[in-house]
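Visitor:
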Amino acid sequence: MMLVPISKPLQRALEALSNETGEPIPQLVADALSHGLGIPVHTLFQVSTSGALVQGIYERAVSSTFLLNYGDFGLGTFDNLDGEMVVLDGVIYQVRSDGTVNKIVDETGTPFAIVVKFAADQDQTIASASSFEELRAICDRYRDSDNLFYAFRIDGHFDHIHTRAMKATPKGLPLAKAAAIQPEFDFRDIRGTLVGIWAPQFASAFNVVGYHFHFLSEDRTKGGHLLECSGTNLRVRVEKLNDFHLSLPESEEFLRADLTKDPSKDLAYAEQPHKKENV
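Per UniProt numbering, the very first residue in the sequence shown carries number 1; after that it's consecutive.
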């Protein structure tokens with residue numbers, strides 16, 4: 001290991017930034033070196049766990065804008081499951097249950113989110129995908145391991161997009177019950193972006209295993225959690241993620257929760273369509 005001395009002003013600045021963001025000094029230094037040298041860090045940053053969501057822990061863990069210290073691309077939700085979060089090009093969007101999309105500029109809270117500083121390793125174009133199932137199969141070609149995380153950005157024209165957006169949910173209502181009343185939306189002939197994360201099977205205790213995509217239209221007026229899709233001339237960019245950082249809440253509710261149960265069944269139910277509303 002090489003020890004590199006730094007000046008007192010730099011040390012004080014690092015300590016102040018670490019206190020402000022909560023990020024350890026070694027990570028701040030690594031990020032600065034990555035930016036300065038143009039070398040991606042390929043780190044996935046996650047707030048809380050999917051298991052906590054299943055148990056109805058929906059209160060603020062961090063502010064949504066705090067996430068931008070750790071990534072410019074990702075997905076999640078907001079306090080009390082009030083809509084779907086899409087983080088794209090360094091901007092946070094909230095897709096609400098009434099179908100509207102808000103650009104987040106304040107300190108709105110989030111109980112769960114996943115972000116990366118997106119830097120694609122692969123950049124491909126596919127002619128078409130007739131269904132979400134086919135799109136997932138195509139994405140599988142760009143993964144060379146089942147034991148790493150991957151970020152997927154898919155841009156293009158979609159013949160059909162079917163999404164949902166969670167309604168604000170009373171505290172403590174289990175995720176499966178909250179998902180049963182989620183509004184769903186159909187969009188036709190629309191351009192936009194799919195923001196996705198693929199998580200390996202061993203992550204089932206704290207993340208959604210497999211593919212998890214949120215959609216945002218090119219004009220930033222439509223979106224949601226992806227349930228089904230078809231599209232043509234789609235640009236697929238992929239980043240392999242070999243570093244993982246998990247930030248756990250310190251609320252009394254989280255500290256006392258029983259998180260020993262397997263959340264996969266309830267998560268699978270929440271991922272499925274339940275009620276259809278055409279817009």
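The beta carbon of each residue, even a glycine, is placed where N, CA and C say it ideally should be. Here the structure is a predicted model, which is why all the values come from computation and not from measurement.
On the CB-based measure, 16 or more other CB atoms within 10 Å of its CB, does H162 come out buried or exposed?
Guide: buried
Visitor: Rounding to the nearest angstrom, what Cα-Cα distance links S131 and H245 in this structure?
Guide: 32 Å
Visitor: Going straight from the alpha carbon of I190 to that of V47, what length do you get?
Guide: 31 Å
Visitor: So for G83, helix, strand or coil by DSSP?
Guide: coil
Visitor: Express the C-alpha separation of K8 and T77 in angstroms, rounding to a whole number.
Guide: 40 Å
Visitor: Can you tell me the Cβ-Cβ gap for T43 and D243, rounded? I've got them flagged as a contact below 8 Å.
Guide: 4 Å
Visitor: So what does DSSP say about R220, is it helix, strand or coil?
Guide: coil
Visitor: Need the endpoints of the alpha helix (DSSP H) that A151 sits in, please.
Guide: Premise fails: A151 lies in the beta strand (DSSP E), F149 to R164, not in any alpha helix (DSSP H).
Visitor: How should I39 be labelled, buried or exposed, when 16 other C-beta atoms within 10 angstroms of its C-beta is the threshold for buried?
Guide: No answer about I39 holds up, because its pLDDT of 48 lies below 50 and its placement is not dependable.
Visitor: In the DSSP assignment, what are the bridge partners of I190?
Guide: Answer is F158.
Visitor: For R256, tell me which candidate among P5, Q55, D159 and L194 has the shortest Cα-Cα distance.
Guide: Q55
Visitor: Under 8 Å, with one C-beta from each stretch per pair, do the segment 66 to 86 and the segment 135 to 148 reach the 3-pair mark?
Guide: no
Visitor: I'd like the span of the alpha helix (DSSP H) that includes S50, first residue to last.
Guide: S50 to V54
Visitor: Please classify I25 as buried or exposed, where buried requires at least 16 neighbouring CB atoms within 10 angstroms.
Guide: exposed
Visitor: Is it true that the CB of V101 sits closer than 9 Å to the CB of R188?
Guide: Here R188 is not near V101, since their CB atoms are 9 Å or more apart.
Visitor: Just the Cα atoms here: how many angstroms apart are Q122 and V236?
Guide: 8 Å
Visitor: Name, in chain order, the residues that DSSP records as bridge partners for Y93.
Guide: V86 and K103
Visitor: Within a Cβ cutoff of 7 Å, which residues of the same chain sit near F118, ignoring the five residues on either side of it in sequence?
Guide: D72, F73, A151, R153 and E239
Visitor: Specify, as a first and last residue, the run of the beta strand (DSSP E) that D140 falls within.
Guide: Per DSSP, D140 belongs to no beta strand (DSSP E); it is in the alpha helix (DSSP H), F132 to D140.
Visitor: According to DSSP, what are the bridge partners of K240?
Guide: Its beta-bridge partners are Y150.
Visitor: Give the straight-line distance between the Cα atoms of V208 and L10, rounded to the nearest whole angstrom.
Guide: 39 Å
Visitor: When you compare the CB positions of I92 and L68, do they come within less than 9 Å of one another, or not?
Guide: yes
Visitor: So the beta strand (DSSP E) L75 belongs to, where does it begin and stop?
Guide: F73 to T77
Visitor: Considering only C-alpha positions, which residue in the set P5, I6, S18 and I57 is nearest to L248?
Guide: I57
Visitor: To the nearest angstrom, how far is the alpha carbon of L135 from that of L226?
Guide: 12 Å
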